[in-house]
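Here the numbering used here = 1-based position in the sequence shown + 38. Positions of the beta carbon are idealized from the N, C-alpha and C atoms, including for glycine. Right, one structure below, let's go through it.
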Amino acid sequence: MSSIANNNPIIGPNAEIRNIVEEAAAEAGIALVGYTDLKSLDNLLVGDPTTLEFQSAISLAVEIPEDAVKSAMSSPSISLREAYKQNNKCLKQASEAIISKLEEKGFRARIVDPAQRVDAEKLLGPISHKAIAFKAGIGWIGKSGLLVTEKFGPRVRMGTILTDVSMSGPSDLLSNQCGNCRECIDNCPTRSLKDMSFQDKPSSRDDVIDWAKCGRYEVALLGDGSEPEKACGRCIAHCPFSFSED
């Protein structure tokens, strides 16, 4: 995983391509970038089987603003939903810029839209951004089922680019650091979280959370267009890793 704040030149396999990717990502406001071989992902849940036609994945993460997350501390938030939309726009623009650079080099690449849902009520997209980000070394999977990063906690939105560039992930992945914490579980308004403990990642996403229950609540918060859309985000807001101590 690379923090875009780090301006040191990249060395090693595919250094030229990675430099191109991270320069374009930085220009678009991306905070974290990681890489992984799709074949390294065991039991990868996919909503669109055509995503597996590619060899590798580039994982992008953008920071969700602290004030937007704090606004969801006790009730669903319009500000957080708007932040999600802005984050998704940033991820899409960054992905399009990176794909253009890769295609100039003769590689195939495809964006996985962070806002796309194959099954809205189960929060299932074309491919798991979180599983890819985990294998790319961007963070660990928390008790909330969210990706938790060292720098921003779960306060990130993720996007994925699929490509036929040969990329490999880090040899050492981040282990779950939730410990005995139950903040996300105790503050979940739908009681969707199951308090499952695991070392690296759960054997199934359904072991961690009742996705249908969580998804139905999120769909309800989107509403029918008669009122502003809201987002829950309680598990993000109450995670101790979400905010700096200063």
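Open item on the list: On a Cα-Cα basis, can you pick out the residue from S235, I170, I136, A106 that is closest to Y122?
Closed with: With respect to the C-alpha of Y122, the residue from S235, I170, I136, A106 having the closest C-alpha is A106.
Task: A43 in three-state terms, based on DSSP - done: Here the model assigns A43 a pLDDT of 43, short of 50, so the residue's position is not dependable and the matter cannot be decided.
Open item on the list: Just to confirm before moving on: does the CB-CB distance between T187 and I176 stay below 9 Å?
Closed with: Yes.
- [ ] Go to R195, then tell me how far its beta strand (DSSP E) extends in each direction, as first and last residue.
- [x] For R195, the uninterrupted beta strand (DSSP E) run begins and ends at 194-201, by DSSP.
TODO: Compare the C-alpha of P164 against each of I116, S115, A153 and name the closest.
DONE: Cα-wise, what sits closest to P164 is A153.
TODO: Compute the beta-carbon to beta-carbon distance between T198 and A95, rounded to the nearest angstrom, for a pair I have assumed lies under 8 Å.
DONE: Rounded, the Cβ-Cβ distance is 5 Å, consistent with contact.
- [ ] Answer with buried or exposed for S97, where buried requires no fewer than 16 other C-beta atoms within 10 angstroms of its C-beta.
- [x] Answer is buried; the Cβ neighbour count reaches 16.
- [ ] Let me know the secondary structure DSSP gives L98 once reduced to three states.
- [x] Looking at L98 - three-state DSSP - the assignment turns out to be strand.
Task: Per-residue DSSP class, three states only, for V107 - done: Reduced to three states, the DSSP call for V107 is helix.
Task: Segment contact, 8 Å Cβ cut-off, at least three pairs: the region 123-138 with the region 235-252 - done: Contact fails: fewer than three Cβ-Cβ distances are below 8 Å.
Task: Distance between F92 and R193 (C-alpha atoms, nearest Å) - done: Approximately 28 Å between the Cα atoms of the pair.
Open item on the list: At the level of alpha carbons, what is the spacing between L90 and D75?
Closed with: Each residue's alpha carbon lies about 11 Å from the other.
Open item on the list: Let me check one thing: in DSSP terms, what residues is G72 bridge-paired to?
Closed with: Answer by DSSP bridge pairing, in chain order: S97.
- [ ] Report the residue ranges of all alpha helix (DSSP H) runs contained in full by the region 124-180; include only those spanning at least 4 residues, in chain order.
- [x] Scanning the region 124-180 for uninterrupted alpha helix (DSSP H) segments of 4 residues or longer gives 167-173, listed from N- to C-terminal end.
Open item on the list: If I measure Cβ to Cβ from G50 and keep anything under 7 Å in the same chain, skipping five residues before and after, which residues do I get?
Closed with: With a pLDDT of 49 at G50, under the threshold of 50, the modelled position of that residue is not reliable, and the figure given next carries that caveat. So no residue of the chain qualifies.
Task: N- and C-terminal bounds of the alpha helix (DSSP H) containing D224 - done: Counting along the chain, the unbroken alpha helix (DSSP H) around D224 starts and ends at 221-225.
Task: Member of F281, L259, F279, C277 whose CA lies at the smallest distance from the CA of E120 - done: Comparing C-alpha distances from E120 to each of F281, L259, F279, C277 shows the shortest one belongs to L259.
Open item on the list: In whole angstroms, give me the CA-to-CA distance for D210 and V203.
Closed with: Taking the CA atoms as reference points, D210 sits about 21 Å from V203.
TODO: Answer with buried or exposed for K143, where buried requires no fewer than 16 other C-beta atoms within 10 angstroms of its C-beta.
DONE: So K143 ends up on the exposed side.
- [ ] Would you tell me roughly how many angstroms separate the C-alpha atoms of K181 and G72, rounded to the nearest one?
- [x] Taking the straight line joining both Cα atoms gives about 22 Å.
Task: For S235, the nearest candidate out of N218, T228, C222, R229 (CA to CA) - done: Of N218, T228, C222, R229, the residue nearest in Cα terms is N218.
TODO: Inspect the beta-carbon positions of A269 and S115 and report whether they are closer than 9 Å.
DONE: Closer than 9 Å, so yes.
Open item on the list: By the DSSP assignment, the alpha helix (DSSP H) with G253 in it spans what residues?
Closed with: From DSSP, the alpha helix (DSSP H) with G253 extends over 249-260.
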